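Heads up, the thing below is written out as structure tokens.
In my numbering, the protein residues as written are 7 to 240.
Laid out in structure tokens, this is it:
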């Protein structure tokens, strides 16, 4: 198969994902459909395409270890992890949701840059620890518990902070898979570059992500403070 044909197949698979997301279809179904369609356009049968997906899933089954964390997190929450998180936030004077998110962003980005990707994450850190701290800080700042809509918005912000910190921090770590993948891809085109060089070029984007996050969280605090001042007092 020619290189141009292979690139066209990849673009068709990407187009399926874009259309599926735009139509708000089930994301898992969209991704699987895109993978199967790309494999079939490459000349494989439907059976071979599904078998290929199965082999990749089995070879990477260590990812399912993440599910073992969930029962432990649930047990810790039942034993008062959320209350302990709120107490810690109060003791270290993290009195605004933006300050909580900024501190977590820098901790998450630095640890990911050092290769400690499992330190944070949505199930083991954001959901049981960061969200209670953010909601407690919001209540202290506005003088009232966050409404359900505001609570959902704060949770989305906390999840986004984790994503951004992880995404822009992981490429700083020289042994991360994306760095090695880029090095191997460039080498196939005759461009030889060291992983250290690639990681250095990840630093400017990581710094910009940190600056933008600080600006966003500061504006978020101002918005929530204005909303709190506008609430009627009891």
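The beta-carbon is built from N, C-alpha and C at its ideal position, and this holds for glycine as well.
Nothing here was measured: the structure is a model prediction, and the numbers come from that model.
- Under the 8 Å Cβ criterion, the segment 85 to 103 counts as touching the segment 126 to 143, having at least three qualifying pairs.
- Judged by DSSP in its simplified three-state form, residue 142 adopts helix.
- Residue 102 sits away from residue 153, with the two beta carbons spaced by 9 Å or more.
- Contact between residue 219 and residue 108 holds, since their C-beta atoms are separated by about 7 Å, short of 8 Å.
- Taking the CA atoms as reference points, residue 110 sits about 17 Å from residue 159.
- By the neighbour-count criterion, in which a residue is buried when 16 or more other Cβ atoms sit within 10 angstroms of its Cβ, residue 35 is exposed.
- Annotated as distal: residue 198 and residue 165, with beta-carbon spacing of 9 Å or more.
- DSSP, read as helix, strand or coil, puts residue 150 in coil.
- Ranked by Cα distance from residue 123, the first of 139, 140, 141, 174 is 174.
- Sequence-distant partners of residue 224 (beyond 5 residues in either direction) whose C-beta falls short of 8 Å from its own C-beta, in its chain, are 104.
- When 37, 155, 208 are compared, the shortest CA-CA separation from residue 180 is found for 208.
- Assignment of residue 180 by DSSP, reduced to helix, strand and coil, places it in the coil class.
- Between residue 182 and the set 202, 196, 195, 168, the nearest pair of CA atoms involves 202.
- Distance check between residue 163 and each of 23, 222, 33, 213 places 222 closest, using alpha-carbon atoms only.
- Around the CB of residue 148, 16 or more other CB atoms lie within 10 Å, so the residue is classed as buried.
- Between residue 56 and residue 37, the gap from beta carbon to beta carbon reaches 9 Å or more.
- In the three-state DSSP reduction, residue 98 falls in the coil class, being neither helix nor strand.
- In this structure, the CA atom of residue 116 is about 32 Å from the CA atom of residue 195.
- Nearest Cα to residue 83 within the set 98, 62, 138, 206: 138.
- Per DSSP, the unbroken alpha helix (DSSP H) holding residue 108 starts and ends at 103 to 119.
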